[in-house]
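In our numbering, the protein residues as written are 41 to 294.
Right, here's the structure in full:
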């Protein structure tokens, strides 16, 4: 892995070399602004293998995005290369429709140790946190994407919730046990091949912007700018491909 090429991919000339919280916040924010969350390979029938060399070829050299295992798996390599102490951990995403959390290894996040403190870092969730969350429970943390809180769950894991007016809406559960990349392989296969996986039900490509977010699905192109949301219907596969190229600089040849 070339650190310089990876940093260039996320719009950074170089970092000071200090593995501190300021650098961590910069790296996460720039990653989210430049590397989209997308599941296109699943629909283009290209197998996703948990291999950091393949992640690098796709995300850095191919200027693509990916989903959580790829994005956080690759971002973790960058953090370690810079000198951060990290561990990959298993997370379970909250399903708003079923009101339940997904299975173990449903999602991957990173816990980073910096100067005696720990941070929850995630560049592979889509619309979630713009900057790392301090891994402390029962405190409100304000992010450009909203107000979040980490609490201890009954089973010993930790729950991240986002404030919605006066209610806290769950986002995910995560553990703090270090996991290897290979432990996520079974769920990675489920996510890309099972008809029960929401990733196999439709294409998505989503990217945070300086003023909001833009998201493309099979059905719509959605833009949020300074809190104002606009949505236009997608009428065909050709229209999807055209917007994908224009807005995300991605084609099927990538």
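By construction, the Cβ of each residue, glycine as well, lies at the ideal position given by its N, Cα and C atoms.
Legend entry - Sequence ranges, beta strand (DSSP E) only - wholly within the stretch 169-249, length at least 3: 180-183, 186-192, 198-204, 207-214 and 244-249
Legend entry - Contact under 8 Å by Cβ, residue 175 with residue 190: yes
Inset, instruction - Going by CA-CA distance only, name the one from 110, 181, 285 and 254 that's closest to residue 87. - result: 110
Inset, instruction - Taking 8 Å as the threshold, find out whether the stretch 228-241 comes into contact with the stretch 66-76 through three or more Cβ pairs. - result: no
Inset, instruction - Ignoring anything shorter than 4 residues or poking outside the stretch 100-168, list the alpha helix (DSSP H) runs there in chain order. - result: 108-122
Legend entry - Segment contact, 8 Å Cβ cut-off, at least three pairs: the stretch 216-231 with the stretch 139-159: yes
Inset, instruction - Return the chain-ordered list of same chain residues with a C-beta closer than 7 Å to the C-beta of residue 100, the five sequence neighbours on each side being excluded. - result: 45, 46 and 49
Inset, instruction - Answer yes or no: do residue 198 and residue 216 have a C-beta to C-beta separation smaller than 8 Å? - result: yes
Legend entry - With 16 other Cβ atoms within 10 Å as the buried cut-off, status of residue 132: buried
Inset, instruction - Kindly indicate which three-state DSSP category residue 277 falls into: helix, strand or coil? - result: helix
Legend entry - Proximal residues to residue 96 (C-beta, below 7 Å), its chain only, five neighbours per side dropped: 41 and 114
Inset, instruction - Please look up how many angstroms separate the CB atoms of residue 244 and residue 112, rounded, as I've assumed it's under 8 Å. - result: With a Cβ gap of about 17 Å, residue 244 and residue 112 do not count as contacting.
Legend entry - Simplified DSSP assignment, three categories, for residue 263: strand
Inset, instruction - Work out the CA separation of residue 161 and residue 116 for me, nearest whole Å. - result: 9 Å
Inset, instruction - Identify whether residue 85 lies in helix, strand or coil by the three-state DSSP scheme. - result: coil
Inset, instruction - Can you give me the start and stop residues for the alpha helix (DSSP H) that residue 73 sits inside? - result: 61-74
Legend entry - Beta-ladder partner(s) of residue 257, from DSSP: 244
Inset, instruction - Could you name the residues of the same chain whose beta carbon sits closer than 8 Å to that of residue 291, not counting the 5 residues immediately before and after it, in chain order? - result: 281, 284 and 285
Legend entry - contact_flag[the stretch 119-134, the stretch 58-67] where n(CB pairs < 8 Å) is 3 or more: yes
Legend entry - Nearest candidate by alpha-carbon position, reference residue 164, set 98, 105 and 83: 105
Legend entry - Minimum C-alpha distance to residue 89 - residue among 232, 242, 254 and 256: 232
Inset, instruction - Out of 257, 208 and 293, state which residue places its alpha-carbon closest to the alpha-carbon of residue 77. - result: 257
Legend entry - For residue 92, three-class secondary structure by DSSP: helix
Inset, instruction - For residue 204, collect the residues of the same chain with a Cβ closer than 7 Å to its Cβ; drop the 5 residues on either side in sequence, then sort them by chain order. - result: none
Legend entry - Pair within 8 Å by beta-carbon distance, residue 152 and residue 66: no
Inset, instruction - For residue 2, count neighbouring C-beta atoms within 10 Å of its own C-beta (all shown protein chains included) and say buried if the count is 16 or more, exposed if not. - result: Only positions 41 to 294 of the chain appear in the structure, and residue 2 is not among them; the question remains open.
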